[in-house]
Amino acid sequence: MNRGLVSRSKKIGMPPGTLVHIGQQKLDVQKISVLDYDESGVHEYEIEDVRGQCAGLKEKPAVTWIRVRGLHETEKVKALGECFGLHPLVVEDILNTDQRSKMEDYGDYLYIVFKMLYCGVDRREVTQEQISLVLGPTFVISFQEAENQVFEPVRERVLSGKGLLRKLGPDYLVYGLLDIVVDNYFSVLEKLGENIEVLADRVLDKPEPSTLREIQTSKREMLFVHRWIWPLRETVSMLGKRDSALVKESTIVYLRDVYDHTLQIMDAVDLYREMLSETLDLYMSTVSNKLNQVMTVLTIIATIFIPLTFLAGVYGMNFKNMPELEWRWGYPLFWLVMVVVTLIMLGAFKRKKWF
Amino acid sequence: MNRGLVSRSKKIGMPPGTLVHIGQQKLDVQKISVLDYDESGVHEYEIEDVRGQCAGLKEKPAVTWIRVRGLHETEKVKALGECFGLHPLVVEDILNTDQRSKMEDYGDYLYIVFKMLYCGVDRREVTQEQISLVLGPTFVISFQEAENQVFEPVRERVLSGKGLLRKLGPDYLVYGLLDIVVDNYFSVLEKLGENIEVLADRVLDKPEPSTLREIQTSKREMLFVHRWIWPLRETVSMLGKRDSALVKESTIVYLRDVYDHTLQIMDAVDLYREMLSETLDLYMSTVSNKLNQVMTVLTIIATIFIPLTFLAGVYGMNFKNMPELEWRWGYPLFWLVMVVVTLIMLGAFKRKKWF
Amino acid sequence: MNRGLVSRSKKIGMPPGTLVHIGQQKLDVQKISVLDYDESGVHEYEIEDVRGQCAGLKEKPAVTWIRVRGLHETEKVKALGECFGLHPLVVEDILNTDQRSKMEDYGDYLYIVFKMLYCGVDRREVTQEQISLVLGPTFVISFQEAENQVFEPVRERVLSGKGLLRKLGPDYLVYGLLDIVVDNYFSVLEKLGENIEVLADRVLDKPEPSTLREIQTSKREMLFVHRWIWPLRETVSMLGKRDSALVKESTIVYLRDVYDHTLQIMDAVDLYREMLSETLDLYMSTVSNKLNQVMTVLTIIATIFIPLTFLAGVYGMNFKNMPELEWRWGYPLFWLVMVVVTLIMLGAFKRKKWF
Amino acid sequence: MNRGLVSRSKKIGMPPGTLVHIGQQKLDVQKISVLDYDESGVHEYEIEDVRGQCAGLKEKPAVTWIRVRGLHETEKVKALGECFGLHPLVVEDILNTDQRSKMEDYGDYLYIVFKMLYCGVDRREVTQEQISLVLGPTFVISFQEAENQVFEPVRERVLSGKGLLRKLGPDYLVYGLLDIVVDNYFSVLEKLGENIEVLADRVLDKPEPSTLREIQTSKREMLFVHRWIWPLRETVSMLGKRDSALVKESTIVYLRDVYDHTLQIMDAVDLYREMLSETLDLYMSTVSNKLNQVMTVLTIIATIFIPLTFLAGVYGMNFKNMPELEWRWGYPLFWLVMVVVTLIMLGAFKRKKWF
Amino acid sequence: MNRGLVSRSKKIGMPPGTLVHIGQQKLDVQKISVLDYDESGVHEYEIEDVRGQCAGLKEKPAVTWIRVRGLHETEKVKALGECFGLHPLVVEDILNTDQRSKMEDYGDYLYIVFKMLYCGVDRREVTQEQISLVLGPTFVISFQEAENQVFEPVRERVLSGKGLLRKLGPDYLVYGLLDIVVDNYFSVLEKLGENIEVLADRVLDKPEPSTLREIQTSKREMLFVHRWIWPLRETVSMLGKRDSALVKESTIVYLRDVYDHTLQIMDAVDLYREMLSETLDLYMSTVSNKLNQVMTVLTIIATIFIPLTFLAGVYGMNFKNMPELEWRWGYPLFWLVMVVVTLIMLGAFKRKKWF
């Protein structure tokens, strides 16, 4: 998959605000659930007919959390957008799953978009899912590409009434969702970090071209993670600084906490990238060190035997008149010379610290 | 072609505001078409005599879109500039096709210049075309170097009356043009991205010097693309922040959307550049790995056979008195020694993890 | 240990403000001591029953310094937080020992968190401990993970009444604690600096793969130190700029002094990192220089003897008709040719500056 | 020449404002010409006696352009400075030819200093000349180190009355001079750019150490060019933002144009530097690729022949009892074995993609 | 010496403001001289008893310049600080000679600290000395570590009454001292620059490992110089922007001049660092080029002779039945084959551009 850019070719030339789902369809059926709650109680139900069922929801005083999973039925998303008075460009952004994380203030609602990360079982490939949140005075709409369980703990806290969720407004719900997303980043990074340590050990143990390839895959994975997480930092910071009436004073201190966590995440990503660079350097130097060793052995062997072989060749010549051949101790003398030359050479190499 | 700088030699020493077309002539005949429209209707016609036909256009209340294709007939461009009261430096910038993307506010009109990118059929070379826009209270003038179909969808939307174009003013038309240009960047980058993945595969499959050269060509291409797109980001940002009366409040949210797209584009360019660097690293390490292998094989072969050859040479000597030669089992013993030495050496190499 | 990120897995999905100790338990028993002092006297005692003993402490006019060592008994920390009216998120941050250094203003108290560094005996590994400070109008609470003696000199100055500590308020006490932490950084960096110089000497003396590995370990250590110290700079700077009523005018000049020290520390860290990079370069060039030498020796020996051996082989052939073999001076002539060829070659190598 | 720093040794310890010419004397005789003009006419004359002839010039309402070429006669420059009321530090800066480009506002006059660049005939070495401009309410003084023709076109436009020069004030004259200097940068960079392309072609054709040296010379040249041009960008920007009464509103749009050109220049310099880095990389990889090839050939030849030579040596041994030697088909069999071994080895190399 | 950090170990745990001299003692006896001057006259004398002789100095209307050389007698420095009402932290900073250059405004006096640089005779090692200045309404106190003659020219100008020094206040004296320090930087950098050019020549002439080591020493020296000079830029900039009553309007233009000089200095340092990097690259490529040459020669020789030697070995075999040996022209034919094979190989190498 070309992960740099999602293909937008089908959109060129269309008027802005044209609603096309850009991205992979990750779910068979789109699901829309509603969670209506206030301090006194909770009511959960599914929505089939968007226009009919959502009509009065915007005005209801209780907090309404609408969870949309799956984006391919653009018509429903559009109807939802119209019910809640969303700008066509917001609906377009929700459907185009190659957004950069951002926060936009449309006066009577905020639009927040960011990436959720998932780690594959083999700890190597990281996949992402775009999540959009719309925060209104009494409602939150969350859009996910797939049916992931990431928001389940929040839903359960709402249902059970534990914590502050039921007591506070929709801005606190948005905080809760952001918080769980960022906590999830921690667990993804932990797994990537473990993989990096495994790689470092393998480099020290037995460096192979395949290890190199894995280091480079990890580096690329980190590059993507960095690119996905980096703009979130700014998004959360903007949200925490809002004087928008939609984010209450009491929630801001919680958002600042999420912001601190994104800083820690970015620190960890930077650290892992540097550790991968170091592991790569280590690989390179281990390999080049081995080559050095190989070459040194070759040189020692060759340098010792080449002159000896020459001498053996000399006494294999068929000249008529070679007095040494006739000497009584010629042959033993030959061996003596061989041994002496070898010892001298070994001494010289030793002095040059070749081994 | 020297793509770093267009030659300006012919301009040195000329008084500022001298109108010379700097760049290649890309079209035989310059064409000027007008599109006059408001909510009620559209009128399209060609202009031959600029001074005569453009006289009253500036004051007409309907939106007037003047499309100029080709810049070599500087006289016509100058006449157009005078009709609409453009500053001589603006006309000069329109004609000099080596501008950096920028936005300039001249009070009663805005001047915007940027680069359109085209991808060659072989996906490797990217060519650019300078496009200038002048946005006045009731008119938009667009200047292209060549007859490209890039603005065709906008023209068709104006003619058909689909979308908001006919309902809104010239600032929305400028947005429409910018939007289609940025969408075009996406498709160019998509093609470049595909090429990068092809290169990465080839490096893994069979790395050759020609692959290296293509990686470096791609890097240079990305360098140019980066240089052409980068200043556009700022241009669009300035346009979206304008409190100029020429850009209406309602259009600003659309311009912000274009701005987000330029951010995505820059992200993708950065990503591709990093991916190319990685591919280059991969090439280098693959090649050096192969050299390592070659050297190791050489060393193993040479290290084993050099001593053996020496011994063979010894027993080829013609000394009178070589008792081994007379031994009954001399020859088989020789082979036995050879085999033992070889096995010892292979064991040592194995222990050093040479193969 | 994965030093990039402390595992947070156990926290995912929990409501914010849930108090879990994240980090290693470094102490068997948690200790809480109180130091109550003003200009007239000092009173020191241990606290067992937090809720009971801390009840009125917040309102007492004398300066109260509560020292908590060990964080695993979260219940006590929580009780302490409630006694002094700390926000649940502050208590959560105190217990999570993977904080980035920061300063947060909660109106009636400031929360400061940073890392204390310790150098192992072998000067190589640096360990860290998270220290949290809470500064209120009349109290300071310090949280340490372990029972380290780092704050002992401050405690002794309070007990003995030397210096300004007893005369000034809790903000000056916070300054005193920060000052001793930063002074400690100096001593840690000194030891790391000595180790770097030792490494540089070893590279010059006898570069070995193990030296390389130590250089890389040192680089990683510096990476961690940089990451731990860097945010402190900003923390101290914010503290020094505070117009919070909690930090008095007279203390700000002292905080500026600590800030200058953190700048010196960061300068030194940067310097050490550059010195390590240089040492690495030196290692690389020394090793590659040795390889050059080895290859040159091999080439000289091989280049001289290969042709000689060929000639010796020629005159070892058994052709019927080889007139040279019959010459009277054939053999001496052979040696003469050998010597002449060798001398010519040596001369050529000399001219090419090969040795 | 040490181009990093002009020697200032002779100035150490002197009181500030001491006038010493620092730099090379590039002209035998210092020339001072005056151009007095307004819309009605022009008057040009040489000045010999500075104090006598310059006395009333400052007050004359017509625009006065004083061109000083050559700086070694410090006395005259000092006299000129006194006539026009320049601060001693300005006169000192004019004489010290190692200034960084800058703009300084002294209230009733502006001081601007920058570097003029010249390209040697062989396109390789770039030389610079410091040019100082003083802009007063009715006068412009330009100081050049040598008699270069760079300002000639401006002088001719003043003399001929073409363009706006005669109609507008001294600030427009300063613009004209800056414009011609920046246009000159374009032509210098064009030549450097051509040289870079020549180098790139030579690297592809036949890479030699001398090519490498030229690439590095070019890089250094670019380093100097960057250093000389970079601060000009800021100078022009400051000039264009001035609300000084000396720069009129109408001139500011022209200065903005010059500013845009300096941005283009800096873009081009950055591009050329990246292109040079790429050319260097290309050289390196071409050379290392050749070494790879050489080593591979050596290995193939050696790996094939070393075992064969060993076998030939074996059958050249003089053991009594070597049955193979007596076989009838021994010799042909030997050749057969040789051929088979060679073919097997070639096959193995082919499979490993060594050639 | 560990130049990264001066040892502060002896200070850990001490209360702030404790006065300990940190640094080397560079002088046997501490000297304190006073220079009392106004427009009418000068009075110079030594101070022995600080408390007695300095009592009324602060209030005297004439400018008082107190020069302290040597810092080890901390008691005297403390007494001086008390006489002139310096904050204890300022006195502490004066005595700790590892300060970063900075400027601090204490309301009724400014504290400025920076590094003086000296170049060793062999042009290689640069040493530094910390200089502190205290600027009050009518006095300047300068603290040096050693008895260097760097301020001598200023003292002489005060004594002789040349220049503006006697006419203007203490802020102009501070300017004079800063100016001479920065001028001194120029001469130090000039010498370092010359050394760099010498190194570059040696690399081109005969690159040896010792040259490499010197390049690296020079790089490290530049690193220290950069670190010492860099913060001065900001110090001078802050001083020039002061609206403190202590720095008069008329002096600010002079300080701006010093600031420009520090910019030039930093430019030169950056340039030298880049030049050193280039020299290093040149060294590396020269060395690797030589290795290439060596390997190519080895390969040519070996590739030619290895097959020939094999053939010679073949005809040295003792097979019974070798028909070639019996041929009449066998031996000459052998030589013919040798020559032909050699020529073919040389041709192939030539075609591959190996030499």
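Residue numbers (this note's numbering), protein chains in the order written: chain F, 246 to 600; chain Z, 246 to 600; chain C, 246 to 600; chain Y, 246 to 600; chain D, 246 to 600. Even glycine gets a Cβ: it sits at the ideal position worked out from N, Cα and C.
Length of the line joining the Cα atoms of residue i and residue j
| i | j | result |
| --- | --- | --- |
| C:Thr372 | F:Gln373 | 35 Å |
| F:Leu543 | Z:Ala547 | 7 Å |
| Z:Leu340 | Y:Trp473 | 29 Å |
| F:Glu494 | C:Phe359 | 27 Å |
| F:Ala490 | F:Tyr356 | 14 Å |
| Z:Arg296 | Z:Val265 | 20 Å |
| Y:Met361 | Y:Glu390 | 10 Å |
| Y:Pro476 | Z:Arg478 | 24 Å |
| Z:Asp281 | F:Leu484 | 44 Å |
| C:Glu392 | F:Gly408 | 34 Å |
Reference residue i; option with closest CA among the options
| i | options | result |
| --- | --- | --- |
| Y:Phe396 | Y:Phe564, Y:Trp475, Y:Gly421, Y:Leu409 | Y:Gly421 |
| D:Ser463 | D:Ser489, D:Lys436, D:Pro476 | D:Lys436 |
| Z:Ile379 | Z:Gly330, Z:Val427, Z:Asp343 | One detail in the question is off: residue 379 of chain Z reads as Val in this sequence, not Ile. Of the candidates Z:Gly330, Z:Val427, Z:Asp343, the one whose C-alpha sits nearest the C-alpha of Z:Val379 is Z:Gly330. |
| Y:Asn440 | Y:Asp428, Y:Asp424, Y:Glu466 | Y:Glu466 |
| Z:His506 | F:Tyr354, F:Ile497, F:Glu337 | F:Glu337 |
| C:Ser482 | C:Leu468, C:Glu459, C:Tyr499 | C:Tyr499 |
| Y:Trp310 | Y:Leu508, Y:Arg400, Y:Ile376 | Y:Arg400 |
Coil, strand or helix - residue i by DSSP
| i | result |
| --- | --- |
| Y:Ser522 | helix |
| Z:Gln375 | strand |
| C:Arg573 | coil |
| F:Gly286 | strand |
| Y:Met259 | coil |
| D:Glu291 | strand |
| D:Leu437 | helix |
| D:Leu302 | coil |
| Y:Trp310 | strand |
| C:Leu500 | helix |
| D:Val492 | coil |
| C:Asp424 | helix |
beta-carbon residue i near the ligand COA non-hydrogen atom, thresh 7 Å
| i | result |
| --- | --- |
| Z:Ser278 | You won't find the ligand COA in this model; it holds no ligand whatsoever. |
Within the chosen definition, does the stretch 520 to 532 of chain F reach the stretch 577 to 589 of chain Z through at least 3 CB pairs nearer than 8 Å? no
Every unbroken beta strand (DSSP E) within the stretch 379 to 409 of chain D, with a cutoff of 3 residues, ordered by chain: 384 to 389
Can you give, in chain order, each stretch of the beta strand (DSSP E) that sits fully within the stretch 332 to 372 of chain C and has at least 3 residues? Runs of the beta strand (DSSP E) inside the stretch 332 to 372 of chain C: 347 to 350, 355 to 364.
Would you check if there are 3 or more beta carbon pairs closer than 8 Å linking the stretch 442 to 452 of chain C to the stretch 307 to 317 of chain C? no
Counting beta carbon pairs with one atom in the stretch 507 to 520 of chain Y and one in the stretch 448 to 456 of chain Z, are three or more of them shorter than 8 Å? no
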